[in-house]
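**Student:**
2 protein chains.
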Amino acid sequence: MGSEPTSPNSASLRRFLNPRSIAVIGASDRPGSLGLRTMRNLEGFSGRLYPVSRRLSRIGRHECHGAMADLPEVPDCAILAVPAAAVEDELRACAERGVGGCVVFASGYAELEAPEGAARQARLRAIAAKKGMRLLGPNTTGFASFASGAHAGFAEFPGGLLDGQAGIGLVSQSGALGLALAQAATHGTGLSHVLTCGNSADIDVADLVEFLCDEPDARAIAVTFEGVSSPERLIAAVSKANRRAKPVVICRIGTTSSGAAAVRWHTGTDPNHDYPWDRALDDMGAVIVSRPETLIETTVFLAKTEGFSCPALPRVAILSSSGGSGILAADCATLMGLPLADPGPRTRALLAKELPGFASARNPCDATAQATSDPPMLTRCAEILLSDRAVDALVIPWGKAWDSGQFAALSALASVAGKPICLVWMSQWLEGPGALQVEAEPRLSLFRSMESCMAALGSWPKARRSLGS
Amino acid sequence: MGSEPTSPNSASLRRFLNPRSIAVIGASDRPGSLGLRTMRNLEGFSGRLYPVSRRLSRIGRHECHGAMADLPEVPDCAILAVPAAAVEDELRACAERGVGGCVVFASGYAELEAPEGAARQARLRAIAAKKGMRLLGPNTTGFASFASGAHAGFAEFPGGLLDGQAGIGLVSQSGALGLALAQAATHGTGLSHVLTCGNSADIDVADLVEFLCDEPDARAIAVTFEGVSSPERLIAAVSKANRRAKPVVICRIGTTSSGAAAVRWHTGTDPNHDYPWDRALDDMGAVIVSRPETLIETTVFLAKTEGFSCPALPRVAILSSSGGSGILAADCATLMGLPLADPGPRTRALLAKELPGFASARNPCDATAQATSDPPMLTRCAEILLSDRAVDALVIPWGKAWDSGQFAALSALASVAGKPICLVWMSQWLEGPGALQVEAEPRLSLFRSMESCMAALGSWPKARRSLGS
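Chains as they are written, first to last, in my numbering: chain A, 41 to 509; chain B, 41 to 509.
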């Protein structure tokens, strides 16, 4: 761990994706243009920014340069916000100058039915490869490394690494899907990176996973993809993440024949439909989710439980203020093969002292609606349950959408006990004020589905057991 | 249909649950008290409200009465916001006076381990039954019929029937779970009723489903429950809903042995664990969902597609602005056994005219990111696809969380074509401004999970074919 030598692949990716200088070729002040949208996204960039425009002398506070050749330094990253017809010339100019890597937004390459598309893409690849320059795209929305504010993309999206949070790195082949998922940042999910690669002429999801292995801000890695040139390279990247103790959660799309057919017309990549994906990823300790809406929550859970000791089969205690939700949690745990913890007599006696007479000091422990009028009581019950050696993880179905004033205390309890506390948001006020506060807590995991919560707890041993092995 | 005679059960439920007059026994001005919270919830009640208090002469603009016997009329509904020790006397006073029905909040009845609890509950039941008075509870949070503002409960919750919306009626045995689900109203889901019954000493979920059969504001019925005294009565109520052309969607909890055990300590009702629930409900055309977070969306979908002609197996067209989401949709449809529609050559030619050159005029039809900068183009593609006789339903994965300005047009298209349009919210900004606007459209269905969307489309034929049969 950590002693692994850096591969040339990693080194060149690091220069490109952690750039100290960025050129925007085709920078613009025209509303709606990719050039303007990209410039806006780079407003917070901490490095040196060079807009390149034949037409403009300034964009905002930035002086424009007429061409790549005129820049005062060789940029680590160049963004080609130009029409497809201009891409090859600009790419060549970047390669000649020694640029670290280029982002190509333009479409009309291998995703086309006509063979010219694939030929055009092969030319881009050759131009870059000749000079050892990296290439992201074509047909990509770009990348964002939030630590340096390097948001090298044209899409509007809210996000960023939030202070004190478990940041996760998101890798998505599809730009739009990646940006849709990245909008979790609006309710407080901490993202360190959003990396999309589109047609993957050079850099693909395997490269991006490998890159994140050495990025300290990405404490766990979420991946969604449809096709790679070599499944083995992706498996190797997941294995490297494993050695770096970084959990990887994967939502693969294009898993059916109709989905795989659609991949052809989306990114023109190979879904490797016959490859035994599930088994190979599973062997490497990757956690596989089938629903993209659970990808982020599951990855954040693994980031927030970093360092907790994970048994082979976690025994779950359930603590609710709603008997119905407690029943649902018991059902779900059972269906997922997770044992319900059997709290000892001392725990039950301590719980009975806290709970109203008509409440249940069993597992599920139903603190009843009383817990909503007396939130500290629920926290005391959580502490009692977590102190029991028969309990490995605590699941709290949460019915109200507002703040309880107890989230920080619950997070601290999880931290001290070294055991996960998962809040399952039962309220259909999905982004109520309380949800945002739960997300902000470093050791409190949030799920909006009981099923996803229990599935994540079920996959926790696999994700952790394999790490570093 | 409609000619079915009203049962005595229905008539008494209607008086109680659509009350013209409500008494609140134990009305209070003490902050946090059930009596005050209930009075606040009834601020919008359109009928006559009678607070009953021995201590106070007024609460707000309402004059208090000292006892049930002092009221100027016999109320249709009385709410007992009093401690368990006072319940029997107050219940008896209500029964003597001829009150239509009572809500009993108090806990400490059949859900207790000690046999006294069950005996106490049997006494309540007997007091009410003797005079033909209905009883909701004990151990319930009450009910809300929004058309009249009759919110006869103590829980704070946002909600209400929204103008012009497909209102659904929600029946939940668990009060807290029902209120958690009802918070969908915060993002614009139209709820006509929220009915919870707790220990179900008299009125149970079967009665509440039967009541909603004749409530015009409830266009479809969502149910979550854990135990009923007679499964056959619930099956009969679903069958009646069927004859009234009202779809019923059910999320049953306590389905596993550990969940069923927890039911005993929650409401003390019988989960009838050996009853063949799934087959019996399925036979009656009820749609069964396993995840409560999909219950409301699925029910709203069935309400919003009322009157659309439903084939035996809907052929789905997919239209996306994100190729990745289109692939996911194709995968999901295939996994759910839904055929992808095969649009005719004319449709493909018309689509090709609208789409940019690098987009895919297939199914899934990928309008690319162009659709996000030109939303009317997406709407024109939707119209082309819906006009094809090979298309029975349209699924649009939606990646951005803000308004497109096209939601009303899409809803109108669905209405004219008589075919469902389902927007699947891919954005993890779960309650972004656009989501609220989609919910407000009468013919546009919203799902936050592709899987739930395809499952709902898959269950649509069953829910509709059986109706009225």
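For glycine and all other residues, C-beta sits at the position ideal for the given N, C-alpha and C. Bear in mind the structure is a predicted one, so any value in this text is a computation, not a measurement.
So, does the segment 481–500 of chain A touch the segment 330–348 of chain A, judging by three or more C-beta pairs under 8 Å?
**Tutor:** Yes: at least three Cβ pairs fall under 8 Å.
**Student:** Between the alpha carbons of A246(A) and L274(A), how many angstroms are there, rounded?
**Tutor:** A246(A) and L274(A): Cα-Cα distance of roughly 4 Å.
**Student:** Here's the rule I'm using: 16 or more other beta-carbon atoms within 10 Å means buried, otherwise exposed. How should V278(A) be labelled?
**Tutor:** It is buried - the Cβ of V278(A) has at least 16 other Cβ atoms within 10 Å.
**Student:** May I ask you to list, following chain order, the residues of the segment 459–470 of chain A that have a beta carbon less than 9 Å from some beta carbon of chain B?
**Tutor:** So the close ones are W465, M466, S467, Q468, W469 and L470.
**Student:** Roughly how many whole angstroms lie between the Cα atoms of I424(B) and C291(A)?
**Tutor:** Straight-line Cα distance between these residues: approximately 32 Å.
**Student:** Take the Cβ of T46(B) as the centre, count every other Cβ of all protein chains shown within 10 Å, and call the residue buried at 16 or more, exposed below.
**Tutor:** Exposed, because fewer than 16 other Cβ atoms sit within 10 Å of the Cβ of T46(B).
**Student:** Along chain A, in chain order, which residues have C-beta atoms closer than 8 Å to that of H102(B)?
**Tutor:** The premise fails here: H102(B) is roughly 24 Å from chain A at the closest Cβ pair, so nothing lies under 8 Å.
**Student:** Could you give the distance in angstroms between the alpha-carbon of P59(B) and the alpha-carbon of A222(B)?
**Tutor:** The alpha-carbon atoms of P59(B) and A222(B) are separated by roughly 21 Å.
**Student:** Could you list the residues in the segment 304–321 of chain B with a C-beta less than 8 Å from some C-beta on chain A, going in chain order?
**Tutor:** Residues W305, H306 and T307.
**Student:** Among M466(B), G474(B), L450(B) and R505(B), which residue has its Cα nearest to the Cα of C493(B)?
**Tutor:** Of the listed residues, the one whose Cα sits closest to C493(B) is M466(B).
**Student:** Between L96(B), A262(B) and S240(B), which lies nearest to V234(B) when the distance is taken from Cα to Cα?
**Tutor:** Answer by Cα proximity: A262(B).
**Student:** Determine which residues of the segment 347–376 of chain B have a Cβ less than 9 Å from any Cβ of chain A, and write them out in chain order.
**Tutor:** Residues passing the 9 Å Cβ filter: I358, S360, S361, S362, G363, G364, S365, G366, I367, L368, A369, A370, D371, C372, A373, T374 and L375.
**Student:** Tell me, please, whether the CB atom of E151(B) is closer than 8 Å to any CB atom in chain A?
**Tutor:** Answer yes: the Cβ-Cβ gap between E151(B) and chain A drops below 8 Å somewhere.
**Student:** With a threshold of 8 Å between beta-carbons, can A220(A) be considered close to chain B, or not?
**Tutor:** Answer yes: the Cβ-Cβ gap between A220(A) and chain B drops below 8 Å somewhere.
**Student:** Report the CB separation of C405(B) from I461(B) in whole angstroms; it is logged as a contact under 8 Å.
**Tutor:** In fact, because the Cβ distance is near 14 Å, the residues do not count as touching under 8 Å.
**Student:** Which residue from I119(B), S68(B) and R77(B) puts its Cα closest to that of E103(B)?
**Tutor:** Minimum Cα distance to E103(B) is reached at S68(B).
**Student:** What do you get for E272(A), buried or exposed, if any count of 16 or more other CB atoms within 10 angstroms of its CB means buried?
**Tutor:** When all chains shown are included, E272(A) counts as exposed.
**Student:** Are the segment 447–456 of chain B and the segment 476–483 of chain B touching by the rule of at least three beta carbon pairs closer than 8 Å?
**Tutor:** The segment 447–456 of chain B, when compared against the segment 476–483 of chain B, does touch it at the 8 Å Cβ threshold.
**Student:** Spell out whether any CB of chain A is found under 8 Å from the CB atom of R283(B).
**Tutor:** Answer no: the Cβ-Cβ gap between R283(B) and chain A never drops below 8 Å.
**Student:** Starting from the beta carbon of F398(A), find every residue of chain B whose beta carbon is closer than 7 Å, and list them in chain order.
**Tutor:** What F398(A) touches in chain B: S147, G148, E151 and L152.
**Student:** So which of E196(A), L219(A), G215(A) and L231(A) has the shortest CA-CA distance to I208(A)?
**Tutor:** Answer by Cα proximity: L231(A).
**Student:** What residues of chain A sit near E266(B), judged by a beta carbon separation below 8 Å?
**Tutor:** Per Cβ cutoff of 8 Å: G364 and I367.
**Student:** With distance defined between alpha-carbon atoms, name the residue in V64(B), A154(B) and G157(B) nearest to V114(B).
**Tutor:** Comparing Cα-Cα distances from V114(B) to each of V64(B), A154(B) and G157(B), the minimum goes to V64(B).
**Student:** How long is the line joining the alpha carbons of D414(B) and D244(A), rounded to whole angstroms?
**Tutor:** Distance between the alpha carbons of D414(B) and D244(A) is about 29 Å.
**Student:** Tell me, please, which residues DSSP counts as bridged to A285(B).
**Tutor:** According to DSSP, A285(B) bridges with nothing at all.
**Student:** According to DSSP, simplified to helix, strand and coil, what is E479(A)?
**Tutor:** It is helical.
**Student:** Check the Cβ of Q446(A) against every Cβ in chain B and list those closer than 8 Å, keeping chain order.
**Tutor:** Those within 8 Å of Q446(A) in chain B number zero; the least Cβ separation is about 17 Å.
**Student:** Apart from the five residues on each side of it in sequence, which residues of its chain come closer than 8 Å, Cβ to Cβ, to M41(A)?
**Tutor:** Because M41(A) carries a pLDDT of 42, less than 50, the predicted location of this residue cannot be relied on, and no value is offered for it.
**Student:** Please report the distance separating the alpha-carbon of R54(A) from that of V289(A).
**Tutor:** The straight-line gap from Cα to Cα measures roughly 22 Å.
**Student:** Measure from the alpha carbon of S61(B) to the alpha carbon of each residue in H191(B), E130(B), R94(B) and R165(B), then state which is nearest.
**Tutor:** Cα-wise, what sits closest to S61(B) is H191(B).
**Student:** Report the three-state DSSP secondary structure of E333(B) (helix, strand or coil).
**Tutor:** Here E333(B) sits in helix by DSSP.
**Student:** Just curious, the beta strand (DSSP E) that L375(A) is in, first and last residue?
**Tutor:** Premise fails: L375(A) lies in the alpha helix (DSSP H), G363 to L375, not in any beta strand (DSSP E).
**Student:** Using 8 Å for Cβ pairs, my map puts Q213(A) next to G364(B). What's the rounded Cβ distance?
**Tutor:** The pair is a contact, with the Cβ atoms about 7 Å apart (cut-off 8 Å).
**Student:** Would you call the segment 115–131 of chain B in contact with the segment 139–146 of chain B, where contact means no fewer than 3 C-beta pairs closer than 8 Å?
**Tutor:** Contact holds: three or more Cβ-Cβ distances are below 8 Å.
**Student:** For Q477(B), would you say it is in contact with chain A, using Cβ-to-Cβ distances shorter than 8 Å as the test?
**Tutor:** Answer no: the Cβ-Cβ gap between Q477(B) and chain A never drops below 8 Å.
**Student:** Name, please, each residue of chain B whose Cβ falls closer than 8 Å to the Cβ of D69(A).
**Tutor:** Those within 8 Å of D69(A) in chain B number zero; the least Cβ separation is about 17 Å.
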